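Residues in the sequence shown are numbered from 4 upward in steps of one, following this note's numbering.
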Amino acid sequence: MVGSVFPMTASGAVVRRGGQRLLGPIDLRLDGSGVTVIIGPNGSGKTTLLRLLHGLERCREGRVDWAVDRDSALSRQAFVFQTPIMMRRTVRENLVYPLRLRGASRADIAEKGDAWLKSVDLAAAGLQRASTLSAGERQKLSIARALIAAPELLILDEPSANLDSRSTREIERILTEQNKAGTRIIMATHDMGQARRLGDHVIFMLNGLVHEEGPAERFFKGAQTDAGRAFLAGDIVE
Numbered sequence: 004m005v006g007s008v009f010p011m012t013a014s015g016a017v018v019r020r021g022g023q024r025l026l027g028p029i030d031l032r033l034d035g036s037g038v039t040v041i042i043g044p045n046g047s048g049k050t051t052l053l054r055l056l057h058g059l060e061r062c063r064e065g066r067v068d069w070a071v072d073r074d075s076a077l078s079r080q081a082f083v084f085q086t087p088i089m090m091r092r093t094v095r096e097n098l099v100y101p102l103r104l105r106g107a108s109r110a111d112i113a114e115k116g117d118a119w120l121k122s123v124d125l126a127a128a129g130l131q132r133a134s135t136l137s138a139g140e141r142q143k144l145s146i147a148r149a150l151i152a153a154p155e156l157l158i159l160d161e162p163s164a165n166l167d168s169r170s171t172r173e174i175e176r177i178l179t180e181q182n183k184a185g186t187r188i189i190m191a192t193h194d195m196g197q198a199r200r201l202g203d204h205v206i207f208m209l210n211g212l213v214h215e216e217g218p219a220e221r222f223f224k225g226a227q228t229d230a231g232r233a234f235l236a237g238d239i240v241e
């Protein structure tokens, strides 16, 4: 049996770009269950932390370690960007593309494609160009495409930013179902209602640092830091 990619441990991890520190030093341990929500003001380092975990940013100092080798860890996770990236193909072709890359059989591609189109309520749109979908539908497709290859970890950057309440509710349904099915989720969100609804664990970022982290219930009932309490109260935090 293949072991889990977790726990993930970041030790003194620092991301720099153009000589500027964007993140860190970060010391953090994440285990293999539940939903972690990353919150904080704009520019606090939420997206950079996600990109570091997914290998899109490199440590300039420190390290990020998984329970398996780095290549194996990265191959068993998927990343959903805030703005969905759609190929110039049909909805179905966009959805099953990860399976084609992995050399899956036609039967497997057909079966999983049908199942996921139905799961995200896009069965009727399978032969449409992906570019014709609404913003909410494109994001659902993007999430389904990330999940179709059954990653152990799903990372999402503001998955419902600028979407209406109906689309947000649908995306939260998909994520909740997948987490119950065993997919570990780490996501950044600006929506505190969403963070409360989905989160088991909270990371509060400020100025490129993990300012506070712990169980979501504890954080939302009584943040341990002045900045955390101010942020939850809607105050400007710098």
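Ideal Cβ placement from N, Cα and C applies to all residues, glycine included.
Nothing here was measured: the structure is a model prediction, and the numbers come from that model.
Here Ala219 is near Val205, since their CB atoms are less than 7 Å apart. For Ala118, the uninterrupted alpha helix (DSSP H) segment begins and ends at 109-122. Remark: C-beta atoms of Gln131 and Val94 approach each other more closely than 7 Å. In the structure shown, Thr135 adopts helical secondary structure according to DSSP, grouped into three states.
If only complete runs of 3 or more residues are kept, the segment 204-241 shows the beta strand (DSSP E) at 204-209, 212-218, in order along the chain. In the DSSP assignment, Ile42 falls outside any alpha helix (DSSP H) and lies within the beta strand (DSSP E) extending over 38-42. Taking a contact as a CB-CB distance under 8 Å, the pair Gly43 and Lys49 counts as one, their CB atoms being some 6 Å apart. Residue state for Thr93 is assigned as strand, using DSSP reduced to three classes.
In the DSSP assignment, Arg105 falls outside any beta strand (DSSP E) and carries neither an H nor an E.
Taking C-beta atoms as the reference points, Pro154 and Gln227 fail to come closer than 7 Å. Looking at the DSSP output, Ala16 bridges to Ile29. Your pair Phe223 and Glu216 does not check out as a contact, with CB atoms roughly 13 Å apart and the cut at 8 Å.
A residue is called buried when at least 16 other Cβ atoms come within 10 angstroms of its Cβ; Leu104 does not meet this threshold and is exposed. Under the DSSP assignment, Gly185 falls outside any beta strand (DSSP E); it carries neither an H nor an E label.
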